[in-house]
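> Can you keep this structure in mind? I'll have questions shortly.
In this note's numbering, the protein residues as written are 20 to 627.
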């Protein structure tokens, strides 16, 4: 090789060394920077990512990206926020015209109420200097949307951006979020859907839509929307928060608690998550309930009149695994009429378990030990299926004691012969449907078989239908509605052994009215209300009035009608975080046969 060739080869090597080696070094630096950034995205590796960013800043003090990112990440925690803001302010002083630094500084300043006005001022200056910088205009609109007084201006900015850039997903998401905060939920949902139509995988649009769906009572739809999030965003705190709200509304507090705890692990300063965790922990705590139930039915002292006192009633409730709820119950009951007094001991267990998101199974089993009769077992199983957010279907079977008289409740000794107790075996179907505009419809149909010792077996079918509308007035939640109830039996009063047990429940107060009318019909208008006195007290009340008809052996005519009425008042007082008192008073006058007054009182003790 000639000397000239060797000289040219040396020059090529020098040129490559000068050009390629720094480029490779720069590429390696950028790779290290991206790795450090990714580590900060997870709470588990954030400390490692911050340490690597500090090393990169020390390695290249003049590089903008590592310093800016380090300052931004440090602002995510209250413990290091002041240091992060100081770093970004220093960069802004060094590079006063850099829009990236100015926008980042305004963003982190907006997070604190004390510096939010400065953030707005800086964003206004930035958008004036760079009218085409869409990210700054959207940032300004977002910050303005946080204050009720500046939301109109925020909306104008969002709509101006959309006019200039009709396909802007970020502007649509911001506008949809603002509309939801205003309570314009239908418009918000429509806007979120428009954003997803343009970008189906957008995580902000999906999270926002899921939040609005949760607020409007569409928990299943909300969870389905969140299922479409990319894997790296499914565990984002905002997505977890919405998922937790949906699970809580579906009656799955353990699942909701797990989501809120994940939110708090990544955002230790999240006050809302702490409050929700406290409330959900209270729902999941074991609770011991002591109470009493007292009732009286007016009527013939020897037949239909019944004085009942259950004291004490005791139950212990806990969640042994996840959202499985178990309850053990026991009670001692005393039943009086003119023939004397008798008693009953009862005990059993209830459980309720969600199956997936759309189904729930509840079952119970109780043993009743009578003073004058053999032990009887009652209980049942019910499956509630939610195929749609607003529709719940119920199907099940149960076996219950009739509490209409002492004969049906615990049995009666008459002229040396023991009658009762009487049990009813039911198969039932039901549905409830929440319609738009706060309307609701409910229905239930049951087929029953009734029987007891020395009492002729009977069959009954019953149908209930009701609808109503909820509204708010004077800080009170009201519901006005209508109900229709009809039942019929196969046998008339011949099902009872003695004439003295007769009575149609209309002209005379006898057992017939609540055991075997051929047909009974009741229509009522209802008005219910619930309100809170403060954060520890809650009240509810209701009333109804209607007309009823009955046909029985001794009834004159099914066309004869009489008035029916109901009254209800209840309250709840959370004395401490561990102690709650509850009370309820009911008064029913639905034919003579169902004429009764009942009082309930409970003391609930929660355990840590």
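Built from N, CA and C at the ideal position, the CB exists for glycine as well.
Please tell me whether, using a cut-off of 7 Å, the distance from the CB of residue 438 to the nearest non-hydrogen atom of the ligand ZN is below it.
For the ligand ZN, the structure offers nothing, since it holds no ligand at all.
> Decide yes or no for the touch test of the segment 365-373 against the segment 431-448: beta carbon pairs closer than 8 Å, at least 3 of them.
Not touching, per the Cβ criterion.
> What number of angstroms, rounded off, separates the C-alpha of residue 203 from the C-alpha of residue 336?
Within the chain shown, residue 203 is the residue found at index 184, counting from 1. Within the chain shown, residue 336 is the residue found at index 317, counting from 1. Each residue's Cα considered, the two are about 40 Å apart.
> Between residue 91 and residue 414, what straight-line distance do the alpha-carbon atoms span, to the nearest angstrom?
By 1-based counting over the chain shown, the position of residue 91 is 72. By 1-based counting over the chain shown, the position of residue 414 is 395. About 55 Å.
> Just verifying my parser: in three-state terms, what is the DSSP assignment at residue 216?
Taking the chain shown and counting its residues from 1, the one referred to as residue 216 is at position 197. Residue 216: helix per DSSP, three-state reduction.
> I need the DSSP call for residue 504, collapsed to helix, strand or coil.
On the chain shown, residue 504 is found 485 positions in, with the first residue counted as 1. Of the three classes helix, strand and coil, the one that applies to residue 504 here is strand, per DSSP.
> Count the C-beta pairs between the segment 214-230 and the segment 247-257 that are closer than 8 Å, then say yes if the count reaches three, no if not.
Touching, yes, given that three or more Cβ pairs across the two stretches are closer than 8 Å.
> Go through its chain and collect everything with a Cβ distance to residue 344's Cβ below 7 Å, but skip five positions before and after it.
Walking along the chain shown from the start, residue 344 turns up at place 325. Excluding sequence neighbours, residue 344 sits near 336, 338, 370 and 371.
> Please state if the CB of residue 510 and the CB of residue 567 are separated by a distance shorter than 8 Å.
By one-based count along the chain shown, residue 567 stands at place 548. By one-based count along the chain shown, residue 510 stands at place 491. No; because the gap between Cβ atoms is not below 8 Å, this pair is not in contact.
> Please determine, among 127, 472 and 461, the residue with the shortest C-alpha to C-alpha distance to residue 394.
Against the chain shown, residue 394 aligns to sequence position 375. Minimum Cα distance to residue 394 is reached at 472.
> Express the C-alpha separation of residue 561 and residue 616 in angstroms, rounding to a whole number.
Taking the chain shown and counting its residues from 1, the one referred to as residue 616 is at position 597. Taking the chain shown and counting its residues from 1, the one referred to as residue 561 is at position 542. Near 15 Å, if we compare the C-alpha coordinates of residue 561 and residue 616.
> If you drop the 5 nearest sequence neighbours on each side, which residues of the same chain put their C-beta closer than 6 Å to that of residue 429?
Taking the chain shown and counting its residues from 1, the one referred to as residue 429 is at position 410. If we look at residue 429 and ignore the five residues flanking it on each side, its Cβ neighbours are 354, 361, 363, 389 and 440.
> Under 8 Å between the Cβ atoms of residue 194 and residue 210?
Here residue 194 refers to the residue found at position 175 of the chain shown. Here residue 210 refers to the residue found at position 191 of the chain shown. Yes; because the gap between Cβ atoms is below 8 Å, this pair is in contact.
> Return the chain-ordered list of same chain residues with a C-beta closer than 6 Å to the C-beta of residue 478, the five sequence neighbours on each side being excluded.
For this step, residue 478 is matched to residue 459 along the chain shown. For residue 478, where only same-chain residues beyond five positions count, the Cβ hits under 6 Å are 468 and 509.
> What are the boundary residues of the beta strand (DSSP E) that includes residue 608?
Working through the chain shown from its first residue, we reach residue 608 at position 589. Looking at the DSSP string, the run of the beta strand (DSSP E) that includes residue 608 is 598-609.
> Restricting to Cα atoms, I'd like to know which of 63, 236 and 227 is closest to residue 457.
Position 438 of the chain shown, counted from the start, is the residue given in the question as residue 457. Among 63, 236 and 227, the Cα nearest to that of residue 457 belongs to 236.
> Using a 10 Å radius around the Cβ and a threshold of 16 neighbouring Cβ atoms, would you call residue 60 buried or exposed?
Counting from one through the chain shown, the residue named residue 60 turns up at place 41. So residue 60 ends up on the exposed side.
> Our contact map puts residue 226 next to residue 268 with C-beta atoms below 8 Å; I'd like the distance itself, whole angstroms only.
Position 207 of the chain shown holds residue 226. Position 249 of the chain shown holds residue 268. 17 Å between Cβ atoms; not a contact.
> Compute the Euclidean distance between the alpha carbons of residue 216 and residue 159, then round it to the nearest angstrom.
The sequence position of residue 216 within the chain shown is 197, counting from 1. The sequence position of residue 159 within the chain shown is 140, counting from 1. The alpha-carbon atoms of residue 216 and residue 159 are separated by roughly 25 Å.
> Less than 8 Å separating the beta-carbons of residue 625 and residue 306?
Here residue 625 refers to the residue found at position 606 of the chain shown. Here residue 306 refers to the residue found at position 287 of the chain shown. Result yes, Cβ atoms of residue 625 and residue 306 sit closer than 8 Å.
> For residue 266, collect the residues of the same chain with a Cβ closer than 6 Å to its Cβ; drop the 5 residues on either side in sequence, then sort them by chain order.
Here residue 266 refers to the residue found at position 247 of the chain shown. Result list for residue 266: 274 and 275, in chain order.
> Exposed or buried, what is residue 183 when buried is set at 16 or more other beta-carbons lying within 10 Å of its beta-carbon?
Against the chain shown, residue 183 aligns to sequence position 164. The residue in question, residue 183, is exposed, as its Cβ has fewer than 16 Cβ neighbours within 10 Å.
> To which residues of the same chain is residue 502 closer than 6 Å at the C-beta, ignoring the five residues directly before and after it?
The sequence position of residue 502 within the chain shown is 483, counting from 1. Contacts found: 485 and 543.
> Please name the residue or residues paired with residue 353 in a DSSP beta bridge.
As a working note, residue 353 is residue 334 in the chain shown. DSSP lists 328 and 362 as partners of residue 353.
> Just to confirm, are residue 329 and residue 352 a CB contact at a threshold of 8 Å?
Counted from its first residue, the chain shown places residue 329 at position 310. Counted from its first residue, the chain shown places residue 352 at position 333. In contact: residue 329 and residue 352 (Cβ atoms closer than 8 Å).
> I'd like to check one pair, residue 85 with residue 52: are the Cβ atoms closer than 8 Å?
By one-based count along the chain shown, residue 52 stands at place 33. By one-based count along the chain shown, residue 85 stands at place 66. Cβ distance < 8 Å, so residue 52 and residue 85 count as in contact.
> Using CA atoms only, rank isn't needed, just tell me which of 463, 286 and 589 is closest to residue 446.
To locate residue 446, count along the chain shown from 1; it is residue 427. Taking only the C-alpha atoms, the option nearest residue 446 is 463.
> Report the residue ranges of all beta strand (DSSP E) runs contained in full by the segment 369-394; include only those spanning at least 3 residues, in chain order.
With a minimum length of 3 residues, the continuous beta strand (DSSP E) runs that stay inside the segment 369-394 are 378-389.
> Buried or exposed, going by whether 16 or more other CB atoms sit within 10 Å of the CB of residue 342?
Mapped onto the chain shown, residue 342 falls at position 323. Residue 342 should be labelled buried.
> Only counting the same chain, and skipping five residues up and downstream in sequence, which positions put a Cβ closer than 6 Å to that of residue 643?
Examination of residue 643 is not possible in this model, given that the chain is present from 20 through 627 alone.
> Is any beta-carbon of chain C found at less than 8 Å from that of residue 563?
Here chain C cannot be found, since the structure has a single protein chain.
> Just list the residues that DSSP pairs residue 413 with in beta bridges.
For this step, residue 413 is matched to residue 394 along the chain shown. Bridge partners of residue 413: 403 and 449.
> In three-state DSSP terms, what is residue 476?
The residue given as residue 476 occupies position 457 in the chain shown. Looking at residue 476 - three-state DSSP - the assignment turns out to be strand.
> Taking the alpha carbon of residue 417 as the reference point, which residue from 496, 385 and 238 has its own alpha carbon closest?
Indexing the chain shown from 1 puts residue 417 at position 398. Here the closest residue by C-alpha is 385.
> Give me the Cα-Cα distance between residue 690 and residue 455, rounded to the nearest whole angstrom.
Lying before the first or after the last residue shown, residue 690 is absent from the chain, which here runs from 20 to 627.
> Have a look at 271, 286 and 229 and flag the residue whose alpha-carbon is nearest the alpha-carbon of residue 261.
Working through the chain shown from its first residue, we reach residue 261 at position 242. Nearest of 271, 286 and 229 to residue 261, Cα basis: 229.
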